[in-house]
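Numbering (my numbering), first residue to last: 1 to 342. A virtual CB, placed ideally from N, CA and C, is assigned to each residue, including glycine. Read the structure below first, then the notes.
The following block contains the structure:
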């Protein structure tokens, strides 16, 4: 199971209701921030997730609306006696890392010394992180300019332990069962040999979460999104403005929904929402093609489970009094016009 909390969901510029792009993915004991738009550190405080273990930052591309928040975040860390974070790993394409390096070391840290280490790691296609029960992979994405990436969070497949079968065989609770789960045979006190095959079920695939930031072409990513339990992707434009979307290296809500429908995706979560459209029109266009579509709002929290897709989590009211909405809620407020298409 994975969790994802949306810090910012706007396109290009913030609005009254939406901050600039950033998400935090929870995978076991690990946390991964994907993009860090302006104002992200305040959203982290509002969300209540805190900064502990938030030391892996994955950047989809080099545009400023996806990286400017790093300046404020790192500046804050520079002023802390930070016990929660010992180092920060920033992953990105070469162009992205060059821009981040200029921002951090040419501006933010020019006259300051950071008490924690910053590691900048250039992304290449393939596995970039392996945990005990999951892996994170990067794959190339077509947007404006080089070095754009999407990310796959994939739980490892496992064979469930059959408790009733174990009890019927007289296997005691404790380390013996752990050894069987680990693939090792055991010998019981009465001399019987129990093999893993006797108490493990059929192989069950783990959850798959795919995150894509800005994107202009879809034909080269289908293999990466196929069979995802949840696909997070932009929906910057509507079908009526598809020519503009193409010109600026973006896609429409309909295109995102078609991608999900044609590749056996279980749940679609749209983000990077333009202020020029009503939210109800975006969701209507997408759901006409792929019904199990959601539009992320700032501070929304989803669980991603195998064969369950995305499930919206109910949360307590935030200190501001705002409470996130249900997954079915559709906003009918009219947004103001967009000012750019990063």
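Work out the CA separation of residue 48 and residue 317 for me, nearest whole Å. Position 317 of the chain shown, counting from 1, holds the residue named residue 317. Position 48 of the chain shown, counting from 1, holds the residue named residue 48. Low local confidence applies: a pLDDT of 38 at residue 317 is under 50, so the model's placement there is unreliable, with the coordinate-based value given in what follows. Rounded to whole angstroms, residue 317 to residue 48 spans 11 Å at the Cα level.
Assigned exposure category for residue 66 - 16 Cβ within 10 Å defines buried: As a working mapping, residue 66 is identified with position 66 in the chain shown. The residue is buried, with at least 16 neighbouring Cβ atoms inside 10 Å.
What first and last residue would you give for the alpha helix (DSSP H) that runs through residue 61? Locating residue 61 in the chain shown gives position 61, counting from the first residue. Neither: residue 61 is in no alpha helix (DSSP H) and is coded neither H nor E.
Flag this pair as yes or no: are the beta carbons of residue 238 and residue 258 separated by less than 7 Å? Numbered from 1 along the chain shown, position 238 holds the residue referred to as residue 238. Numbered from 1 along the chain shown, position 258 holds the residue referred to as residue 258. Cβ atoms of residue 238 and residue 258: not closer than 7 Å.
When DSSP builds the beta bridges, which residues end up paired with residue 91? Counting from 1 along the chain shown, the entry for residue 91 is found at position 91. In the DSSP output, where bridge partners are listed per residue, residue 91 has 58 and 121.
With distances taken from CA atoms, which of 116, 297 and 247 is nearest residue 53? The sequence position of residue 53 within the chain shown is 53, counting from 1. It is 116.
Could you pull out every residue in the same chain whose Cβ sits closer than 6 Å to the Cβ of residue 23, ignoring the five residues on either side in sequence? Within the chain shown, residue 23 is the residue found at index 23, counting from 1. So the qualifying residues of the chain are 4, 6 and 34.
Give the DSSP-derived three-state secondary structure of residue 316 in the structure shown. Here residue 316 is taken as the residue at index 316 of the chain shown, counted from 1. Because the pLDDT of residue 316 is 46, which lies under 50, any placement of that residue in the model is unreliable, and the number read from its coordinates should be weighed accordingly. DSSP places residue 316 in coil when its eight states are reduced to three.
Going by DSSP in three states, residue 143 sits in which element: helix, strand or coil? Translated into the one-based positions of the chain shown, residue 143 becomes position 143. Of the three classes helix, strand and coil, the one that applies to residue 143 here is strand, per DSSP.
Selection from 114, 161, 19 and 109 that minimises the alpha carbon distance to residue 346: Any question about residue 346 goes unanswered here, given that the chain covers just 1 to 342.
I want to know whether the region 235-249 touches the region 173-182 - three or more CB-CB distances under 8 Å. Judged by pairs of C-beta atoms under 8 Å, the region 235-249 does not touch the region 173-182, as fewer than three such pairs exist.
Mind checking residue 55: buried by the 16 CB within 10 Å criterion, or exposed? As a first step, residue 55 must be located in the chain shown, where it is residue number 55. Counting Cβ neighbours within 10 Å, residue 55 comes out buried, since at least 16 surround it.
Could you check the C-alpha separation between residue 14 and residue 20 for me, to the nearest Å? Counted from its first residue, the chain shown places residue 14 at position 14. Counted from its first residue, the chain shown places residue 20 at position 20. Going by the C-alpha atoms only, they are around 5 Å apart.
Per DSSP, what are the beta-bridge partners of residue 136 in this structure? Within the chain shown, the letter at position 136 stands for residue 136. Residue 136 is bridged to 129 and 153.
Considering only the beta carbon of each residue, do residue 271 and residue 60 sit closer than 7 Å? Locating residue 271 in the chain shown gives position 271, counting from the first residue. Locating residue 60 in the chain shown gives position 60, counting from the first residue. With contacts defined by Cβ atoms closer than 7 Å, residue 271 and residue 60 do not form a contacting pair.
Between residue 121 and residue 98, what straight-line distance do the alpha-carbon atoms span, to the nearest angstrom? As a position in the chain shown, residue 121 is number 121, starting the count at 1. As a position in the chain shown, residue 98 is number 98, starting the count at 1. Answer to the nearest angstrom: the Cα atoms are 11 Å apart.
In whole angstroms, what separates the C-alpha of residue 112 from that of residue 72? Start at 1 with the first residue of the chain shown, and residue 112 comes out as number 112. Start at 1 with the first residue of the chain shown, and residue 72 comes out as number 72. About 13 Å.
Should residue 184 be labelled buried (16 or more other beta-carbon atoms within 10 Å of its own) or exposed? Here residue 184 is taken as the residue at index 184 of the chain shown, counted from 1. It is exposed - the Cβ of residue 184 has fewer than 16 other Cβ atoms within 10 Å.
Residue 267 burial status per 10 Å Cβ neighbour count (16 or more: buried): Indexing the chain shown from 1 puts residue 267 at position 267. Answer is buried; the Cβ neighbour count reaches 16.
Taking the alpha carbon of residue 165 as the reference point, which residue from 190, 144 and 195 has its own alpha carbon closest? As a working note, residue 165 is residue 165 in the chain shown. It is 195.
Just to confirm my understanding: we take residue 321, look at its own chain, exclude 5 residues before and 5 after, and list those with CB closer than 7 Å. What are they? Position 321 of the chain shown, counted from the first residue, corresponds to residue 321. Interpretation of residue 321 is limited by its pLDDT of 36, a score under 50 that renders its predicted location unreliable; no figure is taken from the coordinates.
Quick check: what's the CA-CA separation for residue 46 versus residue 11? Position 46 of the chain shown, counted from the start, is the residue given in the question as residue 46. Position 11 of the chain shown, counted from the start, is the residue given in the question as residue 11. Straight-line Cα distance between these residues: approximately 20 Å.
Where does residue 265 land, buried or exposed, given buried means 16+ other C-beta within 10 angstroms? Position 265 of the chain shown, counted from the first residue, corresponds to residue 265. The residue is buried, with at least 16 neighbouring Cβ atoms inside 10 Å.
Which residue from 27, 141, 62 and 135 puts its Cα closest to that of residue 219? Numbered from its first residue, the chain shown carries residue 219 at position 219. The shortest Cα separation from residue 219 among 27, 141, 62 and 135 belongs to 141.
For residue 233, which of helix, strand or coil comes out of DSSP? Numbered from 1 along the chain shown, position 233 holds the residue referred to as residue 233. Residue 233: strand per DSSP, three-state reduction.
Which of helix, strand or coil DSSP assigns to residue 26: Counting from 1 along the chain shown, the entry for residue 26 is found at position 26. It is a strand residue.
Cβ-Cβ separation, residue 1 to residue 138 (assumed contact under 8 Å), whole Å: Position 138 of the chain shown holds residue 138. Position 1 of the chain shown holds residue 1. So it is not a contact: roughly 21 Å between Cβ atoms.
If we ignore side chains and look at the alpha-carbon of each, how far apart do residue 289 and residue 94 end up? Locating residue 289 in the chain shown gives position 289, where the first residue counts as 1. Locating residue 94 in the chain shown gives position 94, where the first residue counts as 1. Near 36 Å, if we compare the C-alpha coordinates of residue 94 and residue 289.
Between which two residues does the beta strand (DSSP E) carrying residue 350 extend? With the chain represented from 1 up to 342, any question about residue 350 goes unanswered, as that position is not in the structure.
Go to residue 8, then tell me how far its beta strand (DSSP E) extends in each direction, as first and last residue. Residue 8 sits at position 8 when you count from the first residue of the chain shown. Here the beta strand (DSSP E) through residue 8 covers 2-8.
Can you give me the C-alpha to C-alpha distance between residue 191 and residue 197, rounded to a whole angstrom? As a first step, residue 191 is located in the chain shown; it is residue number 191 there, counting from the start. As a first step, residue 197 is located in the chain shown; it is residue number 197 there, counting from the start. Rounded to the nearest angstrom, the two C-alpha atoms are 18 Å apart.
Where does the unbroken beta strand (DSSP E) through residue 294 begin, and where does it stop? As a working note, residue 294 is residue 294 in the chain shown. Here the beta strand (DSSP E) through residue 294 covers 293-295.
Of the residues 108, 118 and 76, which one's Cα is nearest the Cα of residue 57? Looking up residue 57 in the chain shown gives position 57. Ranking 108, 118 and 76 by Cα distance to residue 57 puts 118 first.
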